[in-house]
Amino acid sequence: MRGIVPDLARAAEAIAARGGRLGRPLHVLRETPSTNDEAKHGAKSGAPHGSTWVAEVQTDGRGRQGRAWVSPRGENLLFSVLLRVSCAPARLPWISLVAGLSVLDAARKVAPAADIRIKWPNDVVVASGAGEDRFSKLAGILVETSTTGASVDAVVVGVGVNVHTRVFPEGVAHLATSLACIAPNPLDRAEILADVLAGLDRDVDLVVARGLGVVHARLAERDALLGRRVRSDQGEGIARGIDLDGRLLVERDGERMAWSAGEVHLAAGSLLA
Ligand code: BTN
């Protein structure tokens with residue numbers, strides 16, 4: 347595979363060995379503007395459930411809130427999975443949380459000693475620092491939809507996982523980490539990708555059909571924000587967990603609010619973005 351680093355080149359093989367439905371077919375790209383765009387084009391042109399695009403570099407990678415997602419060529423995992431699931435827009439946060447859990451499980455497999463958590467709504471972070479009062483971002487998830495008229499005909503789950511990068515650009519260095527920074531052994535992106543896809547394959551249909559309750563205990567156990575003071579454009583308070591609709595419960599002055607979207611920050615003493 348020209349232009350593909352060996353640890354990614356055998357991704358199709360690693361995925362086939364898991365026997366799941368996601369990652370087939372697999373499109374391994376040397377470069378693309380954005381794997382989410384590839385998947386959205388795929389959705390329009392009839393690509394099947396599970397089709398996955400993974401790239402060594404993106405020239406126009408994007409994150410949430412209109413931010414760019416920048417990753418050096420050949421170092422990390424940048425991929426998007428096309429899910430042909432029938433999913434009401436209100437349930438999209440469920441998919442994002444389930445994708446986060448599948449990244450978390452794959453990351454814990456290679457870095458079992460690290461304290462890896464889900465930061466609502468769709469980041470995977472690593473606790474560091476005294477009292478675990480600081481988190482660094484390991485992965486981000488961007489769920490988008492492909493629509494025909496008013497109906498959602500496919501969901502695209504875009505995932506960026508920092509794998510090999512050890513030195514981050516000034517400005518984000520204190521906010522970011524990678525598996526290489528926390529794992530004891532050499533890392534293989536093909537195996538990590540295959541594990542994420544296998545986890546997502548196992549959980550996503552269940553959650554879409556039965557609700558977030560199916561994975562709620564796992565989310566609660568790994569909730570980075572639980573019990574911490576948080577703030578967003580919706581206010582400030584203490585995070586009290588994620589509800590069964592995928593919303594963040596926040597308590598202020600004895601009253602509970604449920605935040606359904608947006609950017610959340612730790613309110614004090616934290617460098618979490
Ligand atoms: C975020 O943390 O804001 C979400 C980041 C999502 C980045 C991934 S990389 C693969 C896929 N393609 C994109 O353009 N974005 C997602």
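Residues 347 to 619 in my numbering are what the sequence shown lists, from first letter to last. Even glycine gets a Cβ: it sits at the ideal position worked out from N, Cα and C.
Heavy atom of ligand 1 within 7 Å of residue i beta-carbon
| i | result |
| --- | --- |
| I538 | no |
| T523 | no |
| R413 | yes |
| F425 | yes |
| G486 | yes |
| S482 | no |
| S380 | yes |
| V505 | yes |
| D469 | yes |
| Q580 | no |
| G407 | yes |
| R376 | no |
| R419 | no |
| R348 | no |
| R410 | yes |
Residue of the options minimising C-alpha distance to residue i
| i | options | result |
| --- | --- | --- |
| A436 | A536, G446, G392, G592 | G592 |
| R348 | R370, L375, E359 | L375 |
| L424 | P439, V449, A566, A585 | V449 |
| R598 | S606, G581, L571 | G581 |
| N508 | G557, V472, E490 | V472 |
| R413 | G369, A563, L565, L488 | L488 |
| A459 | R577, E359, C527, A500 | C527 |
| E609 | W466, S417, A452, G600 | W466 |
| E490 | A604, D549, R430 | R430 |
| A357 | A570, G583, I538, G600 | I538 |
| S426 | R410, G369, I462, D406 | G369 |
| G420 | D534, S474, A519, Q411 | D534 |
| G573 | A566, A585, A452 | A585 |
| L484 | H520, K386, L525 | L525 |
| L529 | A453, A445, A401 | With the sequence shown as reference, residue 529 is identified as Ala, and Leu is not the correct amino acid for it. When each option's Cα is compared against that of A529, the closest is A453. |
| V314 | A500, V596, D451, G504 | The shown model of the chain, from 347 to 619, leaves out residue 314, and the question about it has no answer. |
| G545 | P371, S492, S442, T381 | S442 |
Local Cβ density within 10 Å of residue i, reported as buried at 16 or more and exposed below that
| i | result |
| --- | --- |
| S432 | exposed |
| K390 | exposed |
| K455 | exposed |
| R408 | buried |
| Q404 | buried |
| S397 | buried |
| P439 | buried |
| H510 | buried |
| V513 | exposed |
| D547 | buried |
| D469 | buried |
| S497 | exposed |
| A536 | buried |
| L354 | buried |
| D579 | exposed |
| R602 | exposed |
| T494 | exposed |
| L620 | Outside the displayed span of the chain (347 to 619) sits residue 620, for which this structure offers no information. |
| L590 | exposed |
| L552 | exposed |
| E516 | exposed |
Residue i: CB within 7 Å of a non-hydrogen atom of ligand 2
| i | result |
| --- | --- |
| G587 | For the structure depicted, ligand 2 is absent and the ligand set comprises only ligand 1. |
Ordered list of alpha helix (DSSP H) runs contained in the region 423 to 464, each at least 4 residues: 438 to 456
In the region 493 to 566, which residue ranges form an unbroken beta strand (DSSP E) of at least 3 residues, counting only runs that do not cross its ends? 497 to 507
List, from N- to C-terminal side, the beta strand (DSSP E) runs of 3 residues or more that fit wholly inside the region 364 to 431. 372 to 375, 398 to 401, 423 to 429
If we require 3 or more residues per run, which beta strand (DSSP E) segments fall completely within the region 565 to 607? 575 to 578, 581 to 588, 594 to 598, 601 to 605
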